[in-house]
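Here's the structure, in structure tokens; my notes come after.
Protein chains: 4
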Amino acid sequence: MKSDFRFVYNHRVRWVECDPQWIVFNGHYLTFFDVAVTEYARAVGLPNVITQQKTGREFFARKSIIEYHAPAKYDDELQIHVRVAYLGNSSLKFVLEIYCNDALVTSGEMIYVCVDSRARASTPLPDEWKQAVIDYEPMAVEQAG
Amino acid sequence: MKSDFRFVYNHRVRWVECDPQWIVFNGHYLTFFDVAVTEYARAVGLPNVITQQKTGREFFARKSIIEYHAPAKYDDELQIHVRVAYLGNSSLKFVLEIYCNDALVTSGEMIYVCVDSRARASTPLPDEWKQAVIDYEPMAVEQAG
Amino acid sequence: MKSDFRFVYNHRVRWVECDPQWIVFNGHYLTFFDVAVTEYARAVGLPNVITQQKTGREFFARKSIIEYHAPAKYDDELQIHVRVAYLGNSSLKFVLEIYCNDALVTSGEMIYVCVDSRARASTPLPDEWKQAVIDYEPMAVEQAG
Amino acid sequence: MKSDFRFVYNHRVRWVECDPQWIVFNGHYLTFFDVAVTEYARAVGLPNVITQQKTGREFFARKSIIEYHAPAKYDDELQIHVRVAYLGNSSLKFVLEIYCNDALVTSGEMIYVCVDSRARASTPLPDEWKQAVIDYEPMAVEQAG
Numbered sequence: 001m002k003s004d005f006r007f008v009y010n011h012r013v014r015w016v017e018c019d020p021q022w023i024v025f026n027g028h029y030l031t032f033f034d035v036a037v038t039e040y041a042r043a044v045g046l047p048n049v050i051t052q053q054k055t056g057r058e059f060f061a062r063k064s065i066i067e068y069h070a071p072a073k074y075d076d077e078l079q080i081h082v083r084v085a086y087l088g089n090s091s092l093k094f095v096l097e098i099y100c101n102d103a104l105v106t107s108g109e110m111i112y113v114c115v116d117s118r119a120r121a122s123t124p125l126p127d128e129w130k131q132a133v134i135d136y137e138p139m140a141v142e143q144a145g
Numbered sequence: 146m147k148s149d150f151r152f153v154y155n156h157r158v159r160w161v162e163c164d165p166q167w168i169v170f171n172g173h174y175l176t177f178f179d180v181a182v183t184e185y186a187r188a189v190g191l192p193n194v195i196t197q198q199k200t201g202r203e204f205f206a207r208k209s210i211i212e213y214h215a216p217a218k219y220d221d222e223l224q225i226h227v228r229v230a231y232l233g234n235s236s237l238k239f240v241l242e243i244y245c246n247d248a249l250v251t252s253g254e255m256i257y258v259c260v261d262s263r264a265r266a267s268t269p270l271p272d273e274w275k276q277a278v279i280d281y282e283p284m285a286v287e288q289a290g
Numbered sequence: 291m292k293s294d295f296r297f298v299y300n301h302r303v304r305w306v307e308c309d310p311q312w313i314v315f316n317g318h319y320l321t322f323f324d325v326a327v328t329e330y331a332r333a334v335g336l337p338n339v340i341t342q343q344k345t346g347r348e349f350f351a352r353k354s355i356i357e358y359h360a361p362a363k364y365d366d367e368l369q370i371h372v373r374v375a376y377l378g379n380s381s382l383k384f385v386l387e388i389y390c391n392d393a394l395v396t397s398g399e400m401i402y403v404c405v406d407s408r409a410r411a412s413t414p415l416p417d418e419w420k421q422a423v424i425d426y427e428p429m430a431v432e433q434a435g
Numbered sequence: 436m437k438s439d440f441r442f443v444y445n446h447r448v449r450w451v452e453c454d455p456q457w458i459v460f461n462g463h464y465l466t467f468f469d470v471a472v473t474e475y476a477r478a479v480g481l482p483n484v485i486t487q488q489k490t491g492r493e494f495f496a497r498k499s500i501i502e503y504h505a506p507a508k509y510d511d512e513l514q515i516h517v518r519v520a521y522l523g524n525s526s527l528k529f530v531l532e533i534y535c536n537d538a539l540v541t542s543g544e545m546i547y548v549c550v551d552s553r554a555r556a557s558t559p560l561p562d563e564w565k566q567a568v569i570d571y572e573p574m575a576v577e578q579a580g
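Protein chains in written order, with this note's numbering: chain A, 1 to 145; chain B, 146 to 290; chain C, 291 to 435; chain D, 436 to 580.
Structure (structure tokens):
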């Protein structure tokens, strides 16, 4: 539901993102998710990929789910809604919904794990990163017990 | 499990598919899934996108799930395993597992719906398409009651 | 030279556009060119791909030239400058320059041919499309003799 | 001309590479060029991107030219021909021609510069790399005076 989201990223569908069915190829939604998560992190004040690495941490995708409700077409203006729905010890889950003119086009989620770059093993999310998300989100963010 | 699959598509990871973490960007796995499903359909004797359309039918992606178990890297040789796990009235589910040197890299599933191109509404899968899948697959394919 | 251009399209480099050298993969510049040309056409008032086809015409790329002067990196904010430098009978040439913080990153040109969709043969550019470009561009546009 | 080339890389056009005009999007030809150049280097015995970097060198694209002679379509089987046409002190030029069923689809060239990774400045091509190319190519390779 749109009202669950504070953050929205706008994207106009590119020609190269459309396939011969005149609709966005399914794999490109993960690019939209990625760009929107990047901009969400900027809005929240989280480090981006470059500044993360200076802290010795990186995020790796662990799981993606995408549901295709209606096709997005060339030149459509999409609103990509993003929020963090869960903060674990070392993982976090984003929920995403993409709308075009108030119609739900795509919904999904992305789970990332925070990894220590040197050890190549999962590492706890820094408390200040969690707090920044909690402070940003208007709704309660579920957390690991 | 590899032994569940009769069909395998080989792909060597391209430079353009890797991101600055030196690993395949998560969205590209849906391209790998798409290419492998295309080649699976060819092996089974199903119509491809062009010949489908001559029958007045098209497939649209309905849902994707991807789990990332280990990163694939530049120049890795991947084996993309594909099988149909479920045949519904108008939908079908592919299960995919990607291996590199016997290690599971990615697993996932793709659900497609068969659509009447003119009516833009779901339409039953032709019986001969179902039968072709059942004949091809060594294991029992789950079917709609 | 920046001052040659009236039209600029802004783009922030996406993670998926960067390769393991941490720079934009060369092929993606043609996507940037394509998006910028699309937005140029919108600014000038030319038909887009969909409305073109209603006139029975399409454009096909005929030639691309790209020179890579400096790398663009993840999260860089690019300014993609576009202008029409030449109007032929049935072809037109776009000149493009991409800047990041006043440094020239990439320059190039794209030549397109206007094609009659039914005959699949080149067809003259409509006079009103040429005039729209000439009216938009502050500098003289070279034309076929 | 096909007979100028010793090396050919085969590629079947993917769905995701086609745009709503049912043809390969122009930018994807640079991906085809890149993959074919990678496989050419493997055939010639040159180091790939990873092993290059162990020698402290990288290649950066300097210029691309692409001419589009005929469209490639979904599922077409392309033959991508590659040869080195020029060896400079620190640069080299590849010439590429893509055929489908003996028809020339695309031709072009790619110029790369060899760069010292630490100094980020151009550096001479190692003599053994030049010699490997000369030994591989049946035709004379033009060289810097």
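By construction, the Cβ of each residue, glycine as well, lies at the ideal position given by its N, Cα and C atoms.
Computed from a prediction, not measured in an experiment: that's the story for all the values here.
Cβ separation of residue i and residue j, assumed to be a contact under 8 Å, to the nearest whole Å
i: residue 352/C; j: residue 35/A; result: Not really, about 31 Å apart at Cβ, beyond 8 Å.
i: residue 183/B; j: residue 211/B; result: The Cβ separation is near 18 Å, so there is no contact.
i: residue 68/A; j: residue 178/B; result: Incorrect: roughly 14 Å between the Cβ atoms, too far for contact.
i: residue 46/A; j: residue 132/A; result: 6 Å
i: residue 455/D; j: residue 74/A; result: 6 Å
i: residue 151/B; j: residue 254/B; result: Contact doesn't hold; Cβ gap of about 17 Å is too wide.
i: residue 268/B; j: residue 235/B; result: 6 Å
Residues bridged to residue i (per DSSP)
i: residue 106/A; result: 68/A and 98/A
i: residue 527/D; result: 522/D and 547/D
i: residue 24/A; result: 18/A
i: residue 577/D; result: 521/D
i: residue 208/B; result: 67/A and 256/B
i: residue 493/D; result: 550/D
Endpoints, beta strand (DSSP E) assigned at residue i
i: residue 368/C; result: 367 to 377
i: residue 8/A; result: 7 to 12
beta-carbon residue i near the ligand NAD non-hydrogen atom, thresh 6 Å
i: residue 496/D; result: Of ligands this structure carries none, so the ligand NAD is not represented either.
Chain D within 7 Å of residue i, Cβ atoms only
i: residue 321/C; result: yes
i: residue 357/C; result: yes
i: residue 4/A; result: no
Contact with chain A by residue i, beta-carbon distance below 7 Å
i: residue 206/B; result: yes
i: residue 549/D; result: no
i: residue 570/D; result: no
Terminal residues of the alpha helix (DSSP H) in which residue i lies
i: residue 509/D; result: Neither: residue 509/D is in no alpha helix (DSSP H) and is coded neither H nor E.
i: residue 42/A; result: 28 to 44
i: residue 264/B; result: Element bounds for residue 264/B: n/a, residue is neither H nor E.
i: residue 130/A; result: 127 to 136
Contact with chain C by residue i, beta-carbon distance below 7 Å
i: residue 15/A; result: yes
i: residue 422/D; result: Past the boundaries of the shown model lies residue 422/D; chain D is included only from 436 to 580, so the question cannot be answered.
i: residue 167/B; result: yes
i: residue 34/A; result: yes
i: residue 245/B; result: no
Chain B within 7 Å of residue i, Cβ atoms only
i: residue 511/D; result: no
i: residue 315/C; result: yes
i: residue 417/C; result: no
Original post:
Any contact of the segment 501 to 515 of chain D with the segment 445 to 465 of chain D, i.e. 3+ C-beta pairs under 8 Å?
Top reply: yes
Original post:
Are at least three pairs of beta-carbons, each pair with one atom in the segment 180 to 191 of chain B and one in the segment 104 to 120 of chain A, less than 8 Å apart?
Top reply: no
Subject >> Touching by the beta-carbon criterion (3+ pairs, under 8 Å), the segment 517 to 529 of chain D and the segment 560 to 578 of chain D >> reply: yes
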